[in-house]
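Reading through the structure tokens given below for one structure.
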Amino acid sequence: MSYLVLARKYRPQSFEQLVGQEHVVQALANALTQGRLHHAYLFTGTRGVGKTTVSRILAKSLNCTGPDGTGGITAQPCGVCAACRDIDSGRFVDYVELDAASNRGVEEISQLLDQAVYKPVVGRFKVYMIDEVHMLSNTAFNAMLKTLEEPPEYLKFVLATTDPQKVPVTVLSRCLQFNLRPMAAADVQSHLGNVLGAESVPAEPGALRLLSRAARGSMRDALSLTDQAIAFGAGSLTEAGVRQMLGSVDRGHVVAIVDALAAASGEAVVAQADALRGAGLSAAGTLEDLATLFQQMALAQAAPAALDDADGETAEIRRLAAALPADEIQLMYSMALHGRAELHLAPDEYAGLLMVLLRMLAFRPAGTTPKPVKAAALVRPPAVAKAVVAVPLPKAVPPAPSPVVAAPVAAPPVAVAPVAAPVAAPASAPVAAPVAAPVAAPALKAAEPATSFGARLRPRPVEQPAVEDDADFGDGPPPDDAPPPWMEADDSPSSAAPPDAREPDAPRRVELRETPEGAQWAERIAAANILGMTGELARQAQALSRRTVDGREVWTLRVERESLRAPALVAKLEAALDAKLDIEAGVAEDSIALRTVARAEAQQRAAEDIAATHPMTRTLLSQFPSARILPGSVQPVLTPSP
1 MSYLVLARKY RPQSFEQLVG QEHVVQALAN ALTQGRLHHA YLFTGTRGVG
51 KTTVSRILAK SLNCTGPDGT GGITAQPCGV CAACRDIDSG RFVDYVELDA
101 ASNRGVEEIS QLLDQAVYKP VVGRFKVYMI DEVHMLSNTA FNAMLKTLEE
151 PPEYLKFVLA TTDPQKVPVT VLSRCLQFNL RPMAAADVQS HLGNVLGAES
201 VPAEPGALRL LSRAARGSMR DALSLTDQAI AFGAGSLTEA GVRQMLGSVD
251 RGHVVAIVDA LAAASGEAVV AQADALRGAG LSAAGTLEDL ATLFQQMALA
301 QAAPAALDDA DGETAEIRRL AAALPADEIQ LMYSMALHGR AELHLAPDEY
351 AGLLMVLLRM LAFRPAGTTP KPVKAAALVR PPAVAKAVVA VPLPKAVPPA
401 PSPVVAAPVA APPVAVAPVA APVAAPASAP VAAPVAAPVA APALKAAEPA
451 TSFGARLRPR PVEQPAVEDD ADFGDGPPPD DAPPPWMEAD DSPSSAAPPD
501 AREPDAPRRV ELRETPEGAQ WAERIAAANI LGMTGELARQ AQALSRRTVD
551 GREVWTLRVE RESLRAPALV AKLEAALDAK LDIEAGVAED SIALRTVARA
601 EAQQRAAEDI AATHPMTRTL LSQFPSARIL PGSVQPVLTP SP
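And the structure:
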């Protein structure tokens, strides 16, 4: 006899065997006992929580005849009568299961409804179960509305969906809706223990805990993973084997990361990230386990009794919870959640993971101080300890609304070295502080004179109250021949820009090295017209070589992004091209995307050259010395790629 998977072998056969759906069981059992039967039921919930199972148990309850053949509608089907056995084996003629994902048209629904006029053949009720009902077309929904609202007394509808938002409200209003909840990890772990006990399979509690968490509320997924774990462990389940099978991060790595964050040690954080890279562990899985650990730490702080003392990790969680304040745990939890969404934007996932960890280290709530941890290797070195002591910097002042730029009076020098308390300099030794960037001056007094428009600020002695040679304008308006504010004129007359002066070209960001293989690959992809992520893989890939093996075209490609090297995308591109692809990791130097960007940059530069050398432009620049061609204001007319 062929092997029957655990998810089918241990499918619940009665309401008593259902796990984690007590609210649905209680409502249906009371309705069956009291005879208050509705004509249409809608079961919603994520995959693997028991929607189809509840439908079959309900069909057995409606058609069960009991062991002696004289029973009626019951909330406890016997499981031994002909109706119960046939429904379990899928042979009951009056119970029809329709998969709306593959039968979504109005023709299939019309054919099903045409059979509704006939009474049951062998059972008490006809039960139509439509799975994934949200996949039906609008015309199919409209075709079944009238029958769904007023079906014959012997007909019951059972609808199931994972996305109730896509079901029309006209259908929802005709059904009793039951939401099957995702199952708690503790319930899944307990059920897995019972199943493995019945199968005589030894299992460690840590292995069951990992499987229950990986199932994410789906009992079917948990049983499928258990089947895989049994095969992986050759008949036994160990925590190390299950962790290796799932590719999850060892809890010790995550605990070490939290210890390093609590100690405010950047070196230890980087060392842990490098250890994860060396072990080949998932960066996304690390952030997921970090978020789970932070959640448990916050729970240990807010409600210590909510943790399971039987869990061997509870003591470690409580130790870590005492090492960090509550607000910092909440902040790190939020960073771990948002960091998972940013991994695909990073140069590689380990660089993204490291930046998330360094962000946790950098953005510490005000007033918190690092606490010591047990591990001696995580103690901060002296250099890092000094970096923690920060000198408060002067607050940034918003720019003044007036276009007049005045030199600040008695402004403290801007220091590049470690900041020290400013000391007043003697009058005979003026301090010339290097100005790295224009600094907005504080509010000036009305009596302070202003500098000329567009004049650059120069270092002044600290005691110098005003600039006398620049006080010609006073407080009145500037003269008519003054240059506009956006001019940055020097005192020398030679500072005037030539008529055809433009902003220097921005450095090229695209490094393109065209190759013959790249041109052949571009022609091949242009002829195929591939869209979506598969097309993105084709555009980002660099063709290294092309050859023919056994009459089939073989391309060797270099792809930088790890997400584009996924086997599923590679298989789709192979099917679209009818060719074999050999993918290697590396930075592409000649790809369709690089050629497109380089072509756009060339068109931009050509358009700017035309605009700069046009006679009208040169005339305007010669007549108005302050005129400039604003960078980015020239937009070329992009022509399509050949």
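The sequence shown begins at 1 in UniProt numbering and counts up one residue at a time. Glycine residues also receive a C-beta, built at the ideal position from the N, C-alpha and C atoms. All values derive from a computational prediction rather than experimental measurement.
Compute the beta-carbon to beta-carbon distance between Q21 and G50, rounded to the nearest angstrom, for a pair I have assumed lies under 8 Å. At roughly 6 Å, the Cβ-Cβ gap stays under 8 Å, so Q21 and G50 are in contact.
Tell me which same chain residues have a C-beta within less than 7 Å of the C-beta of G105, skipping the five on either side of it? In the same chain as G105, and ignoring 5 residues on each side of it, the C-beta atoms closer than 7 Å to its own belong to S137 and A140, in chain order.
Could you tell me the boundaries of the beta strand (DSSP E) in which D68 lies? That residue, D68, is in no beta strand (DSSP E); it is neither H nor E in DSSP.
Check A541 in the structure and name its three-state DSSP category. Three-state result, A541: coil.
Neighbourhood of T617 by C-beta distance below 7 Å, restricted to the same chain and skipping five residues each side: So the list reads A611, once near-sequence residues are dropped.
If distances are taken between C-alpha atoms only, which option among E239, L180, E514 and A585 comes closest to T46? The shortest Cα separation from T46 among E239, L180, E514 and A585 belongs to L180.
Run through DSSP, which three-state label would E153 get? E153: coil per DSSP, three-state reduction.
Where Q177 falls: helix, strand or coil (DSSP): Reduced to three states, the DSSP call for Q177 is strand.
Taking the beta carbon of L58 as the centre, do at least 16 other beta carbons fall within 10 Å, making it buried, or is it exposed? By the 10 Å Cβ count, L58 comes out buried.
Mark R340 as exposed unless 16 or more other C-beta atoms lie within 10 angstroms of its C-beta, in which case mark it buried. By the neighbour-count criterion, in which 16 or more other beta carbons inside 10 Å mark a residue as buried, R340 falls on the buried side.
Could you tell me whether the Cβ atoms of D221 and G48 are closer together than 9 Å? Their beta carbons are under 9 Å apart, which means D221 touches G48 by this criterion.
So what's A203 in DSSP terms, helix, strand or just coil? Looking at A203 - three-state DSSP - the assignment turns out to be strand.
Could you tell me which whole alpha helix (DSSP H) segments of length 4 or greater appear in the region 60 to 126? You should have 82 to 89 and 106 to 114.
For T65, does the count of other Cβ atoms within 10 angstroms reach 16, so buried, or fall short, so exposed? Buried, by the Cβ-count rule.
Endpoints, the beta strand (DSSP E) within which I583 is located: K580 to A585 is the extent of the beta strand (DSSP E) around I583.
Taking a contact to mean a Cβ-Cβ separation below 9 Å, would you say M297 touches V19 in this structure? Taking 9 Å as the Cβ cut-off, M297 and V19 do not qualify as a contacting pair.
Sort A234, G193, A336 and Q189 by Cα distance to R213 and report the nearest one. Of the listed residues, the one whose Cα sits closest to R213 is Q189.
Would S2 be called buried (16 or more neighbouring beta carbons within 10 Å of its own) or exposed? S2 should be labelled exposed.
Give me the Cα-Cα distance between D259 and P205, rounded to the nearest whole angstrom. Rounded to the nearest angstrom, the two C-alpha atoms are 25 Å apart.
CA-CA distance, V127 and K119? Taking C-alpha positions only, V127 is separated from K119 by approximately 11 Å.
Could you check if L4 is buried or exposed, using at least 16 other CB atoms within 10 Å of its CB as the buried criterion? Exposed is the call here.
Residues that DSSP places opposite Y41 in a beta bridge: Partner(s): V158 and L176.
Just to confirm, is the Cβ distance from A571 to R552 under 9 Å? When the beta-carbon positions are compared, A571 and R552 stay at least 9 Å from each other.
Would you give the residue range spanned by the alpha helix (DSSP H) that E328 belongs to? Residue range A326 to E342 is occupied by the alpha helix (DSSP H) that includes E328.
Find the nearest neighbour of K9 within the set Y41, L28 and S89, judged by alpha-carbon distance. The shortest C-alpha separation from K9 is found at S89.
Is it buried or exposed, V169, if we count other Cβ atoms within 10 angstroms and call 16 or more buried? Burial check for V169: the Cβ neighbour count within 10 Å stays below 16, so the residue is exposed.
Roughly how many whole angstroms lie between the Cα atoms of E584 and L569? C-alpha separation (whole angstroms): 14 Å.
Is the region 516 to 532 in contact with the region 589 to 597, if contact means three or more CB pairs nearer than 8 Å? Enough Cβ pairs lie closer than 8 Å, so yes.
Helix, strand or coil for V637, going by three-state DSSP, please let me know. If DSSP states are grouped into helix, strand and coil, V637 belongs with coil.
Taking 9 Å as the threshold (C-beta atoms), are D227 and L544 in contact? Taking 9 Å as the Cβ cut-off, L544 and D227 do not qualify as a contacting pair.
Rounded to a whole number of angstroms, what is the C-alpha to C-alpha distance between A186 and L210? A186 and L210: Cα-Cα distance of roughly 11 Å.
Hey, could you find the ends of the alpha helix (DSSP H) T292 is sitting in? From DSSP, the alpha helix (DSSP H) with T292 extends over A283 to A302.
Am I right that L113 and T147 are in contact with their C-beta atoms under 8 Å? What's the rounded C-beta distance? The pair is a contact, with the Cβ atoms about 5 Å apart (cut-off 8 Å).
Is there a Cβ from chain C that is less than 9 Å from the Cβ of A627? Among the chains of the structure shown, chain C does not appear; only one protein chain is present.
Taking the alpha carbon of P304 as the point to measure from, which residue in R319, V24 and Q111 has its own alpha carbon closest? Closest by C-alpha distance to P304, out of R319, V24 and Q111, is R319.
DSSP state of T53 mapped onto helix, strand, coil: T53 sits in a helix when the DSSP states are folded into three classes.
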